[in-house]
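Taking our numbering, I'd label the letters of the sequence shown as residues 68 to 626. Backbone N, C-alpha and C define an ideal beta-carbon position, used for all residues, glycine too. Computed from a prediction, not measured in an experiment: that's the story for all the values here.
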Amino acid sequence: MQAHVSCCLSTAARVSAVALALALAGAGVARAEDPRAAGAPIPADTAATTDTTATDAATADVPVGGRVAAAKACYVRLPDLPAGRYGGFGAYNDRTGVLAYAGGADKLADDITRAYGDVFAIRLDGSAAWATVAGAGDAGYARANDRGCREMASVRVDGDRWASVFGKDGCDNGRFSSDAMNGGDIKELVVGATAAQSGVRWVPNSGVQQLVDRLVDTGGQLSRPFAAFDGARQRIVFGQGTSDSGSDKDTYDEVYAAARVGHKFQVRRLRPAAEAGSPGRRYGACAAYVRQPDRGVDGIVVIGGRFAETSFADVWWLDFGRSADGAWVDLTPRIANMDAFGARREGACAYDEASGQLYAWMGRVDGDIPDGASRSSGAWRLDLGRLADGAAPLQWERLAPDNLKGVPGRHMIPSVWDAANRRMLAVGGRKSLEAYADVWAIYPDVDKAACEALDPYAPFRSTVPGPTAPAPTPAPTSAAPAPDPAAPIVCAGLRGKVPPAVLNQALSNPHGIQGYGERQFPNLPAGPQNPRRRHLQLRNPGLAWDMLFNGLIYRAGCS
């Protein structure tokens, strides 16, 4: 049985179900949820693995805990959301394993959409299902009937804080749209150590100080924008999007920056140079901030999007190297296999700072590309190691085909990347009228054998599963203890950036710093390609040390 059920209804039954759902919603009666959503994860040693190649768009029934092995990626199905949702806000703390999903919507008919303001959370330790965080606070989205927030962008601001960037249908909680409660705003969510009110909560009084430019006319309503956090300037950069996807004139090409001033964000319009053109108006693009200080790379990659009846097969670079307003550069001519990647929109993307790779997964795609599908379940990456060299070619690498068997293709998912454990997360999403509840972790560079052995909960388990019989008491030995194979190494350039007392404490008590002694890929077996993390550096080596926002971390190497 799939995480979505409307595929199994006849047209008449679907209409009847819609009518019933509307009637129940109007009466304030909650709709029935998927009974599998509360199920516990299947243990790793009993989970099914599907070995796949490119196939048609049909999907197999992969249970919670099951795996799908693609050529260069491993998909593991995590516990389902309490209900199907698309276009929601995703937030994740890779230090605690707590994943949150807020807002979103489902489709009751082609022209009937219902928005939500709930907050769901789960700790990925294998012990529990998703929970509704009832007390997340009134500082978030609207909670009225058919009001909440949908089609916003999800942006990580720092370690435990994420920003929901604009959207529509109540993201402003009535601040800018008064009685209609259908506007947009920037709302911050803290994701801490628990999947409960104590750990997941909206930041009080967060939001923009005031709307500017065209955002004033729509009450901040801006759906499917691109957005990314510019770490060098400590601001959210967002743009494009639409206030009405059915109206060309209401689709934007504007770009804005939102910088925090106290508890609020001050928004101003950016005016990037466009000497060789610009992306133009579109919505549904995906963006990721890329900074490589040693190469002079500083900007935002923007992938695809749609305007009117055209979806775009392009990649743009918003270069902040010349000015804070940026300059548009079309990267598409440098990408030799752009035709194989094709036109895309409404998928997820993220930049992995450790490897210099840009990842893109799922979304609406071109069904005519090799192994294509109208809604993708695939994953790709683009090596940006030579981005600074304007003459160097770039190339997309396919990790899993867009028509991957066993994983339903979808769009309108949040961009959530687990940098500590190097995995993409796909939460909810939509295909046609079906809003999905299933959740997936996608691991690049994991082959079939490793996929079968992979434990997605290993980094955060309180206890490690093992034999129930007590281990034998080791015989006494006079041999000296072996030297610690994970003795700390201080990365070049760190001394002088960090107060000596802080550095000495991190070296004398390395277990008190995140990452020390852990494997680079905690989910995979030990080996030469999976070393321990013992290299001490700043979380963001390009920025100054800050006790709260840019502290120390142990990694597997120095970047």
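Can you confirm whether the region 173-181 touches the region 493-504 when touching is taken to mean that 3 or more C-beta pairs between the two stretches lie within less than 8 Å?
yes
Measuring CA to CA, which of Asn488, Arg302, Asn272, Trp507 is closest to Pro146?
Trp507
Pick helix, strand or coil for Leu610, following the three-state DSSP scheme.
coil
Separation of Tyr350 from Ala341, as counted between CA atoms
19 Å
Alpha carbon to alpha carbon, what distance is there between Arg601 and Pro595?
14 Å
Per DSSP, which residues does Thr318 bridge with? Please list them.
Thr309
Limits of the beta strand (DSSP E) - the one that Asp419 falls within:
415-419
Ordered along the chain, which non-local residues of its own chain (more than five positions away) have a Cβ less than 8 Å from that of Phe187?
Leu148, Pro149, Ala167, Tyr168, Ala169, Trp197, Ala198, Thr199, Val200
Selection from Thr399, Ile370, Asp433 that minimises the alpha carbon distance to Tyr418:
Ile370
Residue interval of the alpha helix (DSSP H) (run including Leu385)
That residue, Leu385, is in no alpha helix (DSSP H); its beta strand (DSSP E) goes 382-386.
Outcome for Ala554 when other beta-carbon atoms lying within 10 angstroms are tallied against a minimum of 16:
exposed
Every unbroken beta strand (DSSP E) inside the region 132-179 [3 residues or more]
134-136, 140-145, 156-160, 165-169, 172-176
Once the 5 residues before and after Asp438 are set aside, which same chain residues still bring their CB inside 7 Å of it?
Ala121, Pro468, Asp469, Asn470
Considering Val283, what are the terminal residues of the beta strand (DSSP E) in which it resides?
No beta strand (DSSP E) holds Val283; DSSP gives it neither H nor E.
Can you pull the DSSP bridge partners for Arg268?
Val257
Could you tell me how far apart the beta carbons of Gly304 and Val322 are, in whole angstroms, since I believe they sit closer than 8 Å?
First, the residue type needs correcting, since residue 304 is Val and not Gly in the sequence shown. With 8 Å as the limit, Val304 and Val322 qualify as a contact, their Cβ atoms being about 7 Å apart.
Terminal residues of the continuous alpha helix (DSSP H) containing Ala427?
Run containing Ala427: none in the alpha helix (DSSP H); it sits in the beta strand (DSSP E), 424-432.
Using only CA atoms, which one of Gly618, Lys472, Met491, Ser265 lies nearest to Leu570?
Gly618
Contacting residues, own chain, Cβ-Cβ under 8 Å from Arg448 (five flanking each side not counted):
Gln424, Leu425, Tyr426, Ala427, Trp463, Glu464, Leu466, Pro511
In this structure, does DSSP put Met479 in helix, strand or coil?
coil
Is any beta-carbon of chain C found at less than 8 Å from that of Val304?
Absent from the structure is chain C; it holds one protein chain and no more.
Would you call the region 287-295 and the region 233-253 in contact, with 3 or more CB pairs under 8 Å?
yes
Taking Ser575 as part of the alpha helix (DSSP H), name the residues at either end of that continuous run.
567-575
Pairs of beta-carbons, one from the region 237-255 and one from the region 206-215, closer than 8 Å: are there three or more?
yes
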